[in-house]
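> First, the structure itself, so that you have it in front of you.
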Amino acid sequence: MKRITDLIKINNKEKVEKVISKLIFPVEFILSIITIIFLYKFLCLNKYENIVSAGYITGFMITGIMVIGLIIYNYIKNKDKIEKVFLSFMIPVGLLYLIFMIPSYVPDEYAHIWKAYQVSEGVIFTPIDEQGNSHTEVPEFFKTSIIGYINKYSDMNKAISEKTDYNNKVEVETTAQNYPPFLYLFSSIGLFISRVIGLNGLLAQYVARMLNFIVFLILSYYSIKIIPFGKLLVSCFLFIPMVLQQAASISGDSLVNATCIFFTAYNLYLLFKKDKITRKEQIAYILLSIFIGIAKVVYIPLVGLSMLLIGSKNLDKKNKTILITTSIILGCIISVAWYIFSIQYKGNVAYLEMNNVNGGEQIKNLIKYPVHLITVIVRTLQSQGTAYLFMMMGANLGWLEINIPTLTIIGFMILVVLSIFFENNKVELNWKQKTWTILMFLFAVVLVLLALYVSWTPVGADQVQGVQGRYFLPVILLPLICFSQKENYVRIKNVNLIMMTLLSLLNFYVVSKIVLFFL
Numbered sequence: 013m014k015r016i017t018d019l020i021k022i023n024n025k026e027k028v029e030k031v032i033s034k035l036i037f038p039v040e041f042i043l044s045i046i047t048i049i050f051l052y053k054f055l056c057l058n059k060y061e062n063i064v065s066a067g068y069i070t071g072f073m074i075t076g077i078m079v080i081g082l083i084i085y086n087y088i089k090n091k092d093k094i095e096k097v098f099l100s101f102m103i104p105v106g107l108l109y110l111i112f113m114i115p116s117y118v119p120d121e122y123a124h125i126w127k128a129y130q131v132s133e134g135v136i137f138t139p140i141d142e143q144g145n146s147h148t149e150v151p152e153f154f155k156t157s158i159i160g161y162i163n164k165y166s167d168m169n170k171a172i173s174e175k176t177d178y179n180n181k182v183e184v185e186t187t188a189q190n191y192p193p194f195l196y197l198f199s200s201i202g203l204f205i206s207r208v209i210g211l212n213g214l215l216a217q218y219v220a221r222m223l224n225f226i227v228f229l230i231l232s233y234y235s236i237k238i239i240p241f242g243k244l245l246v247s248c249f250l251f252i253p254m255v256l257q258q259a260a261s262i263s264g265d266s267l268v269n270a271t272c273i274f275f276t277a278y279n280l281y282l283l284f285k286k287d288k289i290t291r292k293e294q295i296a297y298i299l300l301s302i303f304i305g306i307a308k309v310v311y312i313p314l315v316g317l318s319m320l321l322i323g324s325k326n327l328d329k330k331n332k333t334i335l336i337t338t339s340i341i342l343g344c345i346i347s348v349a350w351y352i353f354s355i356q357y358k359g360n361v362a363y364l365e366m367n368n369v370n371g372g373e374q375i376k377n378l379i380k381y382p383v384h385l386i387t388v389i390v391r392t393l394q395s396q397g398t399a400y401l402f403m404m405m406g407a408n409l410g411w412l413e414i415n416i417p418t419l420t421i422i423g424f425m426i427l428v429v430l431s432i433f434f435e436n437n438k439v440e441l442n443w444k445q446k447t448w449t450i451l452m453f454l455f456a457v458v459l460v461l462l463a464l465y466v467s468w469t470p471v472g473a474d475q476v477q478g479v480q481g482r483y484f485l486p487v488i489l490l491p492l493i494c495f496s497q498k499e500n501y502v503r504i505k506n507v508n509l510i511m512m513t514l515l516s517l518l519n520f521y522v523v524s525k526i527v528l529f530f531l
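Numbering (the working numbering), first residue to last: 13 to 531.
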């Protein structure tokens with residue numbers, strides 16, 4: 013009888029642990045939001061009304077301790093599962109960026125907000141009139157409650173208290189008009205729900221941001237889980253301030269970055285998979301290739317990673333050929349098709365005319381003097397390469413106005429590099445695979461520079477203009493994973509906890525700079 017009782021207790025305990033394991037992250041997500049809101053309210057009252065609210069600071073401390081408790085509990089239960097350790101640390105850190113970065117202060121976010129709102133109303137493609145101009149309509153609140161009008165938390169608090177009239181619309185022209193509509197699937201759902209329930213426009217943008225961030229968390233979690241090596245590297249990379257700024261925004265980059273990283277991980281997962289690659293996995297791979305092709309043409313070299321699968325031993329020659337060929341051909345064809353479709357949108361006409369930017373003439377000039385392109389790329393990288401690297405890490409957040417100390421950015425760089433050598437990898441790429449991976453990275457870099465040289469740089473200029481470091485985020489992991497080696501690492505006890513803690517502390521400091529900028 014005692015044995016049966018013990019078995020029942022054990023069974024009940026296992027059931028409880030399963031329930032807790034399923035609920036721990038949603039509960040942590042909700043508690044983190046409440047904690048950060050308490051902190052936000054406390055800071056605003058202290059700054060603008062000179063009031064030290066005991067209620068808000070108490071609420072912040074209680075819920076904050078609960079969040080820390082959940083992180084500790086999760087680590088004790090899953091310390092060897094880096095994807096779960098990553099997720100428990102990432103939730104509060106990412107939400108800090110989401111809440112404290114004022115909506116529209118992420119580069120071009122206001123344009124993405126307008127595009128997402130357009131999609132939320134069922135307008136998939138921005139219409140073009142007979143003169144070639146493209147406009148869309150958004151509630152006036154979404155035009156007057158953006159950067160330029162809202163620059164401080166005091167401005168935002170006032171705007172949040174206003175009622176948003178979703179029927180009072182004005183015409184706007186968004187520079188995100190040629191972006192694929194599916195990049196706004198989740199943010200548009202957030203805006204749609206908010207509109208239906210009559211939520212304030214700024215709060216609606218926070219809901220949209222939150223859905224984007226949740227998708228980022230899911231894709232990041234599975235990227236780390238499925239990648240056969242470099243798990244710690246990917247985890248640390250995702251804590252980079254620029255990655256988090258984009259992830260916790262309405263920008264289409266949130267989904268682009270997360271999906272490109274997941275696609276890279278999925279390539280390596282299939283390459284080193286011990287079991288046979290299933291039909292579902294092949295279809296998923298092809299669909300991801302198509303997504304990459306449409307998302308941004310400059311990242312199409314990622315689809316070239318499919319050539320790595322030539323070395324896969326879990327697909328017969330026929331299926332391997334079909335998978336690789338189909339992925340590359342469909343990805344490239346759809347990418348080119350979307351590019352041809354998107355160029356009908358004029359973009360920032362005033363800037364183009366004022367700065368002698370003419371894509372057609374630039375292309376003709378390059379055809380006539382092909383060596384000039386090589387000179388332009390070399391000069392650009394020589395003069396701006398280091399700046400691009402620091403910008404990519406997050407040295408200048410917001411509209412490049414929130415300056416993060418150089419030592420802090422170097423700290424992130426050091427931790428990302430060290431993560432390569434702190435992991436016990438069971439597999440690695442061979443020299444041929446590494447060479448191909450690096451070539452695809454360089455190809456993507458050239459495409460990024462070429463695209464901006466044609467679309468944003470004066471005809472005949474000797475350097476590319478308009479380049480921002482964040483444009484390289486989707487592909488920068490390619491050369492980094494080539495340094496990951498098999499069973500050749502520096503053994504450090506509790507390395508997952510140490511790295512996640514250090515990266516979180518650095519991000520807390522970065523967020524403090526964001527808060528001071530807006531207070």
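Just so you know, even glycine gets a beta-carbon here, dropped at the ideal spot from N, CA and C. These numbers come from a predicted model, not from an experiment.
Quick check: the region 501 to 511 against the region 325 to 343, are at least 3 beta-carbon pairs closer than 8 Å?
no
> Keeping to the same chain, check which residues put their C-beta closer than 7 Å to that of glutamate 433; ignore five residues upstream and five downstream.
As a first step, residue 433 is located in the sequence shown; it is residue number 421 there, counting from the start. Residue identity check: residue 433 is phenylalanine in the sequence provided, not glutamate. Cβ within range, chain order: Tyr501 and Val502.
> Would valine 457 and asparagine 370 qualify as a contact pair, given that the criterion is a beta-carbon distance under 8 Å?
Taking the first residue of the sequence shown as 1, we reach residue 457 at position 445. Taking the first residue of the sequence shown as 1, we reach residue 370 at position 358. For the pair valine 457 and asparagine 370, the CB atoms are not nearer than the 8 Å cut-off.
> Pair every Cβ in the region 261 to 279 with every Cβ in the region 481 to 501, then say whether three or more of these pairs are closer than 8 Å.
Flag = yes, the region 261 to 279 and the region 481 to 501 touch.
> Using the three-state DSSP reduction, which class does lysine 59 fall into: helix, strand or coil?
The sequence position of residue 59 within the sequence shown is 47, counting from 1. Lysine 59: helix per DSSP, three-state reduction.
> Specify the secondary structure class of proline 151 as computed by DSSP and reduced to three states.
Along the sequence shown, one-based indexing puts residue 151 at 139. Proline 151 falls in the strand class under three-state DSSP.
> Should tyrosine 381 be labelled buried (16 or more other beta-carbon atoms within 10 Å of its own) or exposed?
Locating residue 381 in the sequence shown gives position 369, counting from the first residue. So tyrosine 381 ends up on the exposed side.
> If you compare alpha carbons, which of Leu299, Gly67 and Ile289 is closest to lysine 332?
Here residue 332 corresponds to residue number 320 of the sequence shown, with the count starting at 1. Answer by Cα proximity: Ile289.
> For isoleucine 422 versus lysine 525, is the C-beta spacing smaller than 8 Å?
Here residue 422 refers to the residue found at position 410 when the sequence shown is read from its first residue. Here residue 525 refers to the residue found at position 513 when the sequence shown is read from its first residue. No, they are not a contact pair.
> Looking at C-alpha atoms only, which residue of Leu211, Thr469 and Met73 is the closest neighbour of serine 173?
As a first step, residue 173 must be located in the sequence shown, where it is residue number 161. The shortest C-alpha separation from serine 173 is found at Leu211.
> So is methionine 405 buried or exposed if we call it buried at 16+ other beta carbons inside 10 Å?
As a first step, residue 405 must be located in the sequence shown, where it is residue number 393. When all chains shown are included, methionine 405 counts as buried.
> Should arginine 291 be labelled buried (16 or more other beta-carbon atoms within 10 Å of its own) or exposed?
On the sequence shown, position 279 is the one that residue 291 refers to. With fewer than 16 other Cβ atoms within 10 Å, it is exposed.
> Which partner residues of lysine 181 appear in the DSSP bridge assignment?
Taking the sequence shown and counting its residues from 1, the one referred to as residue 181 is at position 169. Looking at the DSSP assignment, lysine 181 forms a beta bridge with Pro151.
> What's the call for glycine 397, buried or exposed, on a 16-neighbour Cβ count within 10 Å?
On the sequence shown, position 385 is the one that residue 397 refers to. Counting Cβ neighbours within 10 Å, glycine 397 comes out exposed, since fewer than 16 surround it.
> My output table needs one value for leucine 409: the three-state DSSP class, helix, strand or coil.
Stepping through the sequence shown from its first residue, residue 409 is reached at position 397. In this structure, leucine 409 counts as strand in the three-state DSSP scheme.
> Cα separation between alanine 123 and leucine 231?
Position 111 of the sequence shown, counted from the first residue, corresponds to residue 123. Position 219 of the sequence shown, counted from the first residue, corresponds to residue 231. Approximately 24 Å between the Cα atoms of the pair.
> Do isoleucine 416 and proline 253 have their beta-carbon atoms positioned less than 8 Å apart in this structure?
Here residue 253 refers to the residue found at position 241 when the sequence shown is read from its first residue. Here residue 416 refers to the residue found at position 404 when the sequence shown is read from its first residue. Result yes, Cβ atoms of proline 253 and isoleucine 416 sit closer than 8 Å.
> In terms of residue numbering, what span does the alpha helix (DSSP H) encompassing arginine 207 cover?
For the purposes of this step, residue 207 is taken as residue 195 along the sequence shown, with counting starting at 1. Note, arginine 207: alpha helix (DSSP H), 197 to 209.
> Compare the C-alpha of glutamate 435 against each of Phe495, Gly410 and Leu451 and name the closest.
The sequence position of residue 435 within the sequence shown is 423, counting from 1. That would be Phe495, whose Cα lies nearest to the Cα of glutamate 435.
> So does the region 146 to 159 actually touch the region 84 to 98, counting three or more Cβ pairs closer than 8 Å?
no
> Within the continuous alpha helix (DSSP H) that includes proline 104, where are the two ends?
To locate residue 104, count along the sequence shown from 1; it is residue 92. From DSSP, the alpha helix (DSSP H) with proline 104 extends over 94 to 112.
> Can you tell me whether serine 146 is helix, strand or coil according to DSSP?
Counting from one through the sequence shown, the residue named residue 146 turns up at place 134. In the structure shown, serine 146 sits in a strand (DSSP, three-state: E or B).
> Spatial neighbours of asparagine 58 within its chain, please: CB distance less than 8 Å, with the 5 preceding and 5 following residues excluded, ordered by chain position.
One-based indexing of the sequence shown puts residue 58 at position 46. So the qualifying residues of the chain are Val64 and Ser65.
> Look at lysine 181 and valine 150 and say whether their C-beta atoms are less than 8 Å apart.
Along the sequence shown, one-based indexing puts residue 181 at 169. Along the sequence shown, one-based indexing puts residue 150 at 138. Taking C-beta atoms as the reference points, lysine 181 and valine 150 count as a pair closer than 8 Å.
> With a floor of 4 residues, list each alpha helix (DSSP H) that falls wholly inside the region 222 to 288, ordered by position along the chain.
243 to 249, 253 to 259 and 265 to 284
> Give me the Cα-Cα distance between phenylalanine 424 and histidine 384, rounded to the nearest whole angstrom.
Here residue 424 is taken as the residue at index 412 of the sequence shown, counted from 1. Here residue 384 is taken as the residue at index 372 of the sequence shown, counted from 1. Taking the straight line from one Cα to the other gives about 36 Å.
> Ignore the nearest five residues each way along the sequence and tell me which others in leucine 107's own chain have a CB closer than 7 Å to its CB.
Residue mapping note: residue 107 aligns to position 95 of the sequence shown, counting from 1. So the list reads Ser44, Ile45 and Ile48, once near-sequence residues are dropped.
> Apart from the five residues just before and just after leucine 267, which ones in its own chain have a Cβ nearer than 6 Å to its Cβ?
By one-based count along the sequence shown, residue 267 stands at place 255. Leu195.
> Do the region 464 to 479 and the region 386 to 401 touch if we need at least three Cβ pairs shorter than 8 Å?
Contact between the region 464 to 479 and the region 386 to 401 is present, because at least three Cβ pairs lie under 8 Å.
> Judging by CA-CA distance, which residue of Ser247, Gly76, Arg221 and Thr176 is the nearest neighbour of methionine 511?
Indexing the sequence shown from 1 puts residue 511 at position 499. Checking every option, the nearest Cα to that of methionine 511 belongs to Ser247.
> Along the chain, where does the alpha helix (DSSP H) that runs through phenylalanine 353 open and close?
To locate residue 353, count along the sequence shown from 1; it is residue 341. Run containing phenylalanine 353: 329 to 354, per the alpha helix (DSSP H) assignment.
> Short check: CB of isoleucine 450 to CB of proline 491, under 8 Å?
Within the sequence shown, numbered from 1, the residue matching residue 450 stands at position 438. Within the sequence shown, numbered from 1, the residue matching residue 491 stands at position 479. Their beta carbons are under 8 Å apart, which means isoleucine 450 touches proline 491 by this criterion.
> Within 10 angstroms of its Cβ, does phenylalanine 198 collect 16 or more other Cβ (buried), or is it exposed?
Here residue 198 refers to the residue found at position 186 of the sequence shown. Under this definition phenylalanine 198 is a buried residue.
> Counting only the same chain and skipping the five closest in sequence on each side, list residues whose C-beta sits under 7 Å from that of isoleucine 239.
The residue you call residue 239 lines up with position 227 of the sequence shown. Counting only Cβ-Cβ distances below 7 Å, and skipping sequence neighbours, we find Val246, Ala277, Leu280 and Tyr281.
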